[in-house]
Amino acid sequence: MKYKSFELLEKLTLLFGPSGCEDEVADFIVSQIEGDCDSITRDRVGNIIAKVSGRGIEYNSGNPKKVMICAHMDEVGIMVSDITEEGYLRFSTVGGISPTVLPDKKVVLCENGKMINGIISSKAIHLQSTEERGKITPASKMYIDIGAKSEEEAREYVEIGTVGVFASDFVRFGTEDKLIKAKALDDRLGCAIMIEIMRELYHSDKGLEYDVYFAFTCCEEIGISGASVAANTICPDAAIVLESTAVADIAGVPEASRVATLGEGGTITLMDRGTIYDRNLAEIALAVAGNKEIKVQIKKYISGGNDSANIQKSGKGTKVLAISAPSRYIHSSANVVHADDINAMRDLVYALVAGGKL
Amino acid sequence: MELKELIVSLSSLMSVTGSENYSADKLQELIGDVFDESYTDKIGNHIFIKRCGRENAPKIMIDCHFDEIGMIVSDICEGGFLRIANIGGVDAKILQSAEVIIYGSREIYGVISSTPPHLIKPADASKVKGINELTVDTGLTKEELEEICPIGTPIGFKPSYTELIGGRIAGKAFDDKACGACAVYALSRIDANKLAGDIYFAFTTREEVGGFGAATSAYGIDPDYALVMDVTNSWVPEVEGKKWSIIGSGVAISVSAVTNRKLTKMTRALCDESNIKYTLRAEPNNTGTDANKTGTTRAGIPTVLASLPLRNMHTSNEIISLDDAHALSELICKFVTSKEISEVFGR
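Protein sequences appear in the order of chains A and B. Under my numbering, the residues of the first sequence are numbered 1 to 358, in order. Under my numbering, the residues of the second sequence are numbered 1001 to 1347, in order.
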């Protein structure tokens, strides 16, 4: 499989898509995949489901087997909860964002299609008491500064319920520019991999023995999970969730807590806080990776969770496999992932799906 | 160059305290043309002189600090991480997932590490991680780092600039280079023969660690009187008391024991005459600025302190109002051309 640059991923991460407001991401994805699949549907919760039909010799068109590949379009963000008389915005987070990564970060808010900039702010160091300096400022004591001087001026641009996301550019850095920093890599990297696999499968001569459904889902970050709706609609025999998983392979963290390592390949989860995964699928994935010499690693810490939990429980139940890119500083304005891991994930998922081992 | 452009250009320069020479050439390129002469003194103050063309003219000093808070490499770890220490008052609470530039033999990019939630013990959930517990993730190897950015290399926030609504802007190091931009902008628009004396614009060093640059530059220049510019914390939510120095309220003029009462009154009069918006700040003892030093340098230099209201001080997104910046620039115009002040304070 040939790799393009990370241009598609870059474009995806820059899009505006907090949970519940995934339209911009969805529109972009649809524009990218037209002509690369047999059908595209947009369901009532906002999921995009694209289908590449089976064309293999043993494909049973009357009762086809179905594989679902899934990545979520939404990202963590903020929602305006109040506007002070001086024009500052109080906010709540959309999805889980630690208060430690909020202060001094840029956000962009969108209301009626108009984007405005804001800065997540809190008391400057000079204005904090000694006690305050030693304590993490809760989000409830922070505010977003859009430059307004009054509530009236602020209300020209935002209202209660206006949502926003981190404003953060796409940066390649480190040795050979192998590391990628951006916002929303969780889970636009999954979306990017899906688009590229879809194109490859659809335009290849090889017919598959099953239908492949690509579900670009909404609202993963708030746990509501558009993926469960997608799975109910598709009723897949097996599902692969492409995600990013929080790792701590950073200085000062003991080996046992690092979860996984950047650059060592996609991470296969056997168990997390939401799911005990299908052991057989995980073993097939590990075997395929071994045969094809694709780097892969097993998640070494029971933490986190993703759409798999909802997909597994959907309909009459579905076998799930999750392959995640190890990701540093997840749910912040500066997610960091390794380019090789994304490529390895793409190789592995393609080999799994095209190889007919599912 | 328009004032906004000048503010952004100057603030984007790297001038972490102690490394003010890093951008000396770029500084000269940006503002050199406005002045007749310039020199850098022994501890790194950049002094720019605009002459009025008359013999034995009074020496008027405009002081603004060039340095900005930042960090320094304190150790190099395995896996491409740098341990860091702060230079000046850096709030560790704003650092996690911040983006920085390490100014080594080449400029390299880094992200300050943050701890994933699964590793935070409930008991530590509200505890701030000190800067000595944080690292910068560079994605380079230890060997590469040892070569490019050895211990002692300065680190600054990645320059960025954001337009907010209503003519307010956000960026790094507006403290204090936005003020410097106001002065340079003012001086660029005044004919030399209108000046009340020779103007010494001191872009000082080491304010963020104690104002040593202000003391030595004032000593070296020996001006007749001085106007010190700095930024001042604007009222923000969660701060109790009166809403002082709010954005858009104009220049904040300090009343303090370390500044000269008469010069302060005369400066206020300039604002009143020209309808320049200002508010008063009562700072009886310590102004926390270069004015603390200039006032008592040599035989004492009559000093007035004029400040630019600013939100989010010492962060990478300091916020100012362009209206306030224009007011400050206008005040500088009036101050350096005031014959009344030069007659009273010129020696």
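Yeah, the Cβ is synthetic: ideal placement off N, Cα and C, and Gly gets one too.
Coil, strand or helix - residue i by DSSP
i, result
"D1137 of chain B", "strand"
"T1204 of chain B", "strand"
"L1145 of chain B", "helix"
"M194 of chain A", "helix"
"P1302 of chain B", "coil"
"V1344 of chain B", "helix"
"M1061 of chain B", "strand"
"K319 of chain A", "strand"
"E1068 of chain B", "strand"
"V1073 of chain B", "strand"
"Y1109 of chain B", "strand"
"Q297 of chain A", "strand"
"A1174 of chain B", "The residue you asked about is not Ala; residue 1174 of chain B is Phe in the sequence shown. Looking at F1174 of chain B - three-state DSSP - the assignment turns out to be helix."
"M1 of chain A", "Confidence at M1 of chain A is low in this model, with a pLDDT of 47, below 50, so the placement of that residue should be treated as unreliable; the coordinate-derived value is given next. Of the three classes helix, strand and coil, the one that applies to M1 of chain A here is coil, per DSSP."
"L15 of chain A", "coil"
Which listed residue (the options) has its alpha carbon closest to that of residue i
i, options, result
"E209 of chain A", "A:P99, A:K65, A:V336, A:T13", "A:K65"
"V1239 of chain B", "B:E1099, B:G1288, B:R1311", "B:R1311"
"K181 of chain A", "A:S19, A:H331, A:G355", "A:H331"
"K206 of chain A", "A:N47, A:C21, A:I57", "A:I57"
"K1059 of chain B", "B:A1196, B:F1212, B:D1041", "B:A1196"
"F1335 of chain B", "B:L1263, B:T1259, B:I1076", "B:L1263"
"D187 of chain A", "A:F173, A:V165, A:E221", "A:E221"
Interface flag, residue i vs chain B, CB-CB below 8 angstroms
i, result
"K51 of chain A", "no"
"S31 of chain A", "no"
"K114 of chain A", "no"
"R44 of chain A", "no"
"T269 of chain A", "no"
"E153 of chain A", "yes"
"D145 of chain A", "yes"
"D104 of chain A", "yes"
C-alpha gap between residue i and residue j, whole angstroms
i, j, result
"M1 of chain A", "D347 of chain A", "The predicted model places M1 of chain A with a pLDDT of 47, which falls under 50 and marks its position as unreliable, so this point remains unresolved."
"S1074 of chain B", "D237 of chain A", "54 angstroms"
"L1134 of chain B", "D1124 of chain B", "15 angstroms"
"S1012 of chain B", "S1245 of chain B", "25 angstroms"
"V1231 of chain B", "S1254 of chain B", "11 angstroms"
"I1047 of chain B", "K1277 of chain B", "29 angstroms"
"N63 of chain A", "K51 of chain A", "15 angstroms"
"I1062 of chain B", "S303 of chain A", "58 angstroms"
"F16 of chain A", "L1322 of chain B", "29 angstroms"
"Y1185 of chain B", "L89 of chain A", "33 angstroms"
"P1223 of chain B", "G1346 of chain B", "9 angstroms"
"A1257 of chain B", "M1001 of chain B", "37 angstroms"
"A1327 of chain B", "S1342 of chain B", "21 angstroms"
"G147 of chain A", "I1169 of chain B", "7 angstroms"
"T1204 of chain B", "T13 of chain A", "41 angstroms"
"I33 of chain A", "S204 of chain A", "15 angstroms"
"A26 of chain A", "F216 of chain A", "8 angstroms"
8 angstroms Cβ cutoff, residue i in contact with chain A
i, result
"H1118 of chain B", "yes"
"I1094 of chain B", "yes"
"G1250 of chain B", "no"
"A1170 of chain B", "yes"
"V1239 of chain B", "yes"
"G952 of chain B", "Because chain B here runs from 1001 to 1347, residue 952 of chain B falls outside it and cannot be looked at."
"T1153 of chain B", "no"
"N1312 of chain B", "yes"
"D1137 of chain B", "yes"
"T1279 of chain B", "no"
"S1074 of chain B", "no"
Burial state of residue i (16 or more Cβ within 10 Å)
i, result
"E1340 of chain B", "exposed"
"K1177 of chain B", "buried"
"C1182 of chain B", "buried"
"N1132 of chain B", "exposed"
"H126 of chain A", "exposed"
"K1194 of chain B", "exposed"
"N1086 of chain B", "buried"
"R1281 of chain B", "buried"
"R1268 of chain B", "buried"
"D104 of chain A", "buried"
"T1017 of chain B", "buried"
"Y1039 of chain B", "exposed"
"G1152 of chain B", "exposed"
beta-carbon residue i near the ligand FAD non-hydrogen atom, thresh 7 angstroms
i, result
"C1271 of chain B", "As presented, the structure is devoid of all ligands, the ligand FAD included, so that no description of it is given."
Could you run through the segment 68–91 of chain A and flag, in chain order, every residue whose CB is less than 8 angstroms away from some CB of chain D? Of the protein chains in the structure, A and B, none is chain D.
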